[in-house]
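Colleague: As you go down the protein sequences, you meet chains F and W in turn. Converting from the first sequence to our numbering requires adding 22 to each position, the first position being numbered 1. Converting from the second sequence to our numbering requires adding 151 to each position, the first position being numbered 1.
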Amino acid sequence: MSYNPTAPDTTADRTTGEPATLPTDRRTGCPFDPPAGLTAPDDRPLRRMRYADGHIGWLATSHAAARAVLSDPRFSARYELLHLPVPMPGMEGMTQVPPASPGDFLGLDAPEHTRFRRLLTGKFTVRRMRQLAERVEGFTHECLDAMEQAGPVVDLVEAFARPVPALMICELLGVPYADRDRFQGHVATVFDQTSDAEARGAAFAAVGQFIGELVAAKRAEPTDDLLSDLTTSDLTEEELIGVGGVLLAAGLDTTANMLGLGTFALLSNPGQLDALRADPGLAEQTVEELLRYLSVADPIARAALEDVEIEGQLVRAGETVTVSVQAANRDPLKFPEPDRLDIHRRATGHLSFGHGPHQCLGQQLARVEMTVAFPALFARFPTLRLAVPPQEVPLRDRANIYGVISLPVTWDKE
Amino acid sequence: MSDPNERLRLGVDRDRCVGAGMCALTAPEVFDQDDDEGLVVLLHPEPAPGHRAAARMAAGLCPARAIILHSPDPTDP
């Protein structure tokens, strides 16, 4: 479990003046805390950082610097302009990142990005997402029923954290109910870290093919869902399939990991969990605090299109800035006692959904899913607890989205 | 901190808006989103005293700086 070929020397910049590399090893301390060296008290909101290809760019760790970079149009999200902060599996030695494939609007700037974003934002409004709460409740209880039947001792990731958001995104995109097992199987393989690259590649292709077939079906016979709506837009077939893939990946892996890791965090902080149980009205606040405290989607990279001054520091055109969401969310200037999980605090203003024009499109859906799912889980299983010692819970410390690989839990049967 | 009794006039820039919904989430009495594009809709350009703090917070949270806080006109009684 301690295998980490890119173990960074996080002290280099202090002792020799050499740029540091991005600290990524969360395992050294508490599984919920950022890697050592990332949020160490530092009077420099931006520091020099060495990238995977040798590029000397920047690392932004303060809340103010992170917001400034992410909301400034002089910074680009285009993949081909970015240097990778750490080597990506399968992309070792790569000096240039390929441009976004059709429909992958995460890697585009305005006005191209705006074209996609405007097609989608109306489908993800606060009001629309709140109207889905009842459906989320239905899916949540289905999963809890199955969990109760199967246990005690189940893997919470497989039984609960993964299926709840998967069922909801199927419904939103318009994946037929009868097809969802097939669909979920492929998706699970794509995100399964224990499956090899070939199997994941094949599953990814299968998801693409699946969405392609689905798009064709929606075009022939539109139903009341997002993909059907999009078939009437000006998106090309390729773009449409790409958008479907982005929505699927973004909607599944992120919320699933928040549900898994969030449950682990609450079980590890019984005082906080008791407070939530005593007052379910704290659910929304708890979700915000878990988002801040866990920062599962991290980091975010941007490239300067021109010389830009950020927090008194000049970033030159062409330089990549890696924004550490974890560090920004643990900035003591913004959140007092940042390393404490405190569901009574107002964690509003955290950057876990990013900031600027790319701020998460599905954030209101994620909020509704979590606000429904966490209280329902703890209400159904009042004695829920880990079935293994906490240090044996396997962590996704080599993935883009942090979380638990599995979370064995148990409870007392009535 | 701003004076809670101070009047507040709001403006929104729908061209800048990215439809993230932070305003409708934070100050639902003041902001909404339209159903077509999810862009900001300003319900109350001069929010009631009880809603001003939320409106200011929404302006601060907006990822696209699409909410404009107008300083009260000093010549305005």
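Positions of the beta carbon are idealized from the N, C-alpha and C atoms, including for glycine.
1. Tell me which same chain residues have a C-beta within less than 7 Å of the C-beta of residue 436 of chain F, skipping the five on either side of it?
2. Where does residue 421 of chain F sit, in a helix, a strand or coil, going by DSSP?
3. I'd like the list of long-range same chain contacts for residue 409 of chain F, defined as Cβ closer than 6 Å, with 5 residues on each side in sequence excluded.
4. Could you pull out every residue in the same chain whose Cβ sits closer than 7 Å to the Cβ of residue 423 of chain F, ignoring the five residues on either side in sequence?
5. Would DSSP call residue 406 of chain F helix, strand or coil?
6. For the segment 128-173 of chain F, which segments carrying the beta strand (DSSP E) assignment without a break, of at least 3 residues, lie completely within its bounds, in sequence order?
7. In this structure, what does DSSP give as the bridge partners for residue 71 of chain F?
8. Between F:396, F:361, F:418, F:378, which has its C-alpha nearest residue 58 of chain F's C-alpha?
9. In the DSSP assignment, find the unbroken beta strand (DSSP E) run with residue 182 of chain W in it and report its ends.
10. Closer than 8 Å by C-beta to residue 438 of chain F: which residues in its own chain qualify, once you throw out the five before and the five after it? Chain order, please.
11. What's the gap between the Cα of residue 407 of chain F and the Cα of residue 188 of chain F?
12. Check whether the segment 320-328 of chain F touches the segment 336-350 of chain F, counting contact only when three or more Cβ pairs, one atom from each stretch, lie closer than 8 Å.
13. Can you find at least 3 beta carbon pairs, one from the segment 227-240 of chain F and one from the segment 260-272 of chain F, that sit closer than 8 Å?
14. Is the shortest distance between the beta-carbon of residue 203 of chain W and the beta-carbons of chain F less than 9 Å?
15. Are three or more beta carbon pairs between the segment 374-384 of chain F and the segment 127-138 of chain F nearer than 8 Å?
16. Are the C-beta atoms of residue 188 of chain W and some chain F residue less than 9 Å apart?
17. Listed from N- to C-terminal order along the chain, which residues in the segment 375-391 of chain F have their beta-carbon within a distance smaller than 9 Å of any beta-carbon of chain W?
18. Per DSSP, what are the beta-bridge partners of residue 160 of chain W in this structure?
19. When Cβ atoms are compared, which residues of the segment 162-175 of chain W fall closer than 7 Å to chain F?
20. Please confirm if residue 92 of chain F has its CB atom under 9 Å from at least one CB of chain W.
21. On the criterion of 16 or more Cβ atoms from any shown chain inside 10 Å, does residue 102 of chain F qualify as buried, or is it exposed?
22. CA-CA distance, residue 363 of chain F and residue 294 of chain F?
23. How long is the line joining the alpha carbons of residue 386 of chain F and residue 239 of chain F, rounded to whole angstroms?
24. Taking only beta-carbon positions, decide if residue 196 of chain W is within less than 9 Å of chain F.
25. Rounded to whole angstroms, what is the Cα-Cα separation between residue 354 of chain F and residue 245 of chain F?
26. When the cut-off is 9 Å and only beta carbons count, does residue 76 of chain F lie next to chain W?
27. Residues of the segment 141-168 of chain F in Cβ contact with chain W at a cutoff of 9 Å, in chain order, please.
28. According to DSSP, is residue 301 of chain F part of a helix, a strand, or is it coil?
29. Report yes or no: is there a C-beta of chain W within less than 9 Å of the C-beta of residue 207 of chain F?
30. Is residue 139 of chain F close to chain W? Criterion is C-beta to C-beta, closer than 9 Å.
31. By DSSP, does residue 231 of chain W sit in helix, in strand, or in coil?
32. Since residue 155 of chain F and residue 332 of chain F should fall inside the 8 Å C-beta cutoff, what is the C-beta to C-beta distance between them, to a whole number of angstroms?
33. Determine whether the beta carbon atoms of residue 230 of chain F and residue 207 of chain F lie at a separation below 9 Å.
34. Specify the secondary structure class of residue 36 of chain F as computed by DSSP and reduced to three states.
35. Output the distance between the C-alpha atoms of residue 75 of chain F and residue 120 of chain F, rounded to the nearest integer angstrom.
36. Check whether the segment 155-165 of chain F touches the segment 191-211 of chain W, counting contact only when three or more Cβ pairs, one atom from each stretch, lie closer than 8 Å.
Modeller: Walking through what the data contain:
1. none
2. coil
3. 175, 430, 431, 432
4. 275, 276, 279, 318, 319
5. coil
6. none
7. F:42, F:79
8. F:361
9. 182-184
10. As displayed, chain F neither begins before 23 nor continues past 436, which places residue 438 of chain F out of reach and without an answer.
11. 24 Å
12. yes
13. yes
14. no
15. yes
16. yes
17. 375, 376, 377, 378, 379, 380, 381, 382, 383, 385, 386, 389
18. W:221
19. 169, 170, 171, 172, 175
20. yes
21. exposed
22. 8 Å
23. 28 Å
24. no
25. 49 Å
26. no
27. 141, 142, 143, 144, 145, 146, 147, 148, 149, 150, 151
28. coil
29. no
30. yes
31. Because residue 231 of chain W is not part of the residues shown, which for chain W are 152 to 228, the question remains open.
32. About 39 Å separates the two Cβ atoms, so there is no contact after all.
33. no
34. Reliability of the predicted coordinates at residue 36 of chain F is poor, the pLDDT of 43 falling under 50, and the value obtained from them is presented with this limitation in mind. Looking at residue 36 of chain F - three-state DSSP - the assignment turns out to be helix.
35. 14 Å
36. no
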